[in-house]
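Trainee: Chains as they are written, first to last, in the numbering used here: chain A, 779 to 893; chain B, 16 to 129. For every residue, glycine included, the Cβ atom is placed at its ideal position computed from N, Cα and C. In this text the structure is predicted, and so the values were computed from the model without any measurement. The structure under discussion is supplied below as structure tokens; questions concerning it will follow.
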């Protein structure tokens, strides 16, 4: 299994809602990432988990809350989002966070719309 | 500040033609450079990964070059196909405090016309 899966594919939520994005990989990768991508822009790194511990938080607002329940799963909990948070949210994984020469495998993304 | 600049911003070519995309970077310390292809609304897919000591790497019709001295890379696409229409993103991996941080370019949008 060389896939990173993300659910849901599309999500529409109001500013008062609480929702979660899910990401899963079964490649034994120990680094997992969340990116945010606006239209016609490159992905922006949000969080990095290394061996299930949060290692990088790129000054992301607290309305985004990541969680790594185990080495295969990565969640992104959303609460009180703003319309400008609407974007494609990409999850990625790589084999060993201690090695730089690690290919990142990206999931297909979740298209989030905040009304 | 680490930066990755790509050119051109967009490119339109006819099917069967070749094209070259450029990437200039100021990422230090440098670890490796990657080219990704991203179809609209999908996650990026890796094309090549190059380290400091590699000058050229091919993946089918895609050939990437790296000049670590001038901090430039190019992606050459040979005999383009309609399915090559996508955004091509240059990503440079640097290191900071024991972690490896990717810096993304803004991408080149390639459209291949029949």
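1) Can you give me the start and stop residues for the beta strand (DSSP E) that residue 851 of chain A sits inside?
2) Measure the C-alpha to C-alpha separation of residue 905 of chain A and residue 84 of chain B and round it to an integer number of angstroms.
3) Given that residue 119 of chain B touches chain A, what residues does it touch there, using C-beta distances under 7 angstroms?
4) Out of A:823, A:798, A:827, point me to the one whose CA is closest to residue 876 of chain A's CA.
5) As an exercise, report each continuous beta strand (DSSP E) stretch of at least 3 residues that is fully enclosed by the region 50-79 of chain B, in chain order.
6) For a contact meaning CB atoms closer than 7 angstroms, what does residue 104 of chain B contact in chain A?
7) State whether the region 849-859 of chain A contacts the region 789-803 of chain A, with contact taken as three or more CB pairs (one from each stretch) at a distance under 8 angstroms.
8) Using three-state DSSP, classify residue 874 of chain A as helix, strand or coil.
9) Give me the Cα-Cα distance between residue 852 of chain A and residue 825 of chain A, rounded to the nearest whole angstrom.
10) Looking only at its chain, what residues have a beta carbon closer than 6 angstroms to the beta carbon of residue 66 of chain B, apart from the 5 residues adjacent to it on each side?
11) Between the region 44-61 of chain B and the region 27-34 of chain B, can you find at least three pairs of beta-carbon atoms closer than 8 angstroms?
12) Residue 821 of chain A and residue 890 of chain A: beta carbons closer than 7 angstroms?
13) On the three-state DSSP scale, how would you describe residue 82 of chain B?
14) With DSSP collapsed to three states, give me the class of residue 97 of chain B.
Mentor: According to the structure data:
1) The residue you call residue 851 of chain A lines up with position 73 of the first chain. It spans 851-857 - the beta strand (DSSP E) in which residue 851 of chain A sits, taken as one unbroken run.
2) The structure shown does not extend to residue 905 of chain A, since chain A is modelled only from 779 to 893, so the question has no answer here.
3) To locate residue 119 of chain B, count along the second chain from 1; it is residue 104. Against chain A, a Cβ distance below 7 angstroms from residue 119 of chain B picks out 820, 821.
4) By one-based count along the first chain, residue 876 of chain A stands at place 98. Of the listed residues, the one whose Cα sits closest to residue 876 of chain A is A:827.
5) Listed in chain order, the beta strand (DSSP E) runs fully inside the region 50-79 of chain B are 60-66, 71-74, counting runs of at least 3 residues.
6) Start at 1 with the first residue of the second chain, and residue 104 of chain B comes out as number 89. Neighbours of residue 104 of chain B on chain A, chain order: 820.
7) Flag = yes, the region 849-859 of chain A and the region 789-803 of chain A touch.
8) Here residue 874 of chain A refers to the residue found at position 96 of the first chain. In the three-state scheme derived from DSSP, where H, G and I count as helix and E and B as strand, residue 874 of chain A is classed as coil.
9) Indexing the first chain from 1 puts residue 852 of chain A at position 74. Indexing the first chain from 1 puts residue 825 of chain A at position 47. Cα to Cα, residue 852 of chain A sits roughly 11 angstroms from residue 825 of chain A.
10) In the second chain, the residue the question calls residue 66 of chain B occupies position 51. These residues qualify, in order along the chain: 47.
11) Using a Cβ-Cβ distance cut-off of 8 angstroms, the region 27-34 of chain B and the region 44-61 of chain B are not in contact, since fewer than three pairs of beta carbons, one from each stretch, lie closer than that value.
12) In the first chain, residue 821 of chain A corresponds to position 43, counting from 1. In the first chain, residue 890 of chain A corresponds to position 112, counting from 1. For residue 821 of chain A and residue 890 of chain A, no; Cβs fall outside 7 angstroms.
13) What you label residue 82 of chain B is simply residue 67 of the second chain in a count that begins at 1. Here residue 82 of chain B sits in strand by DSSP.
14) The residue labelled residue 97 of chain B in the question sits at position 82 within the second chain. In the three-state DSSP reduction, residue 97 of chain B falls in the helix class (H, G or I).
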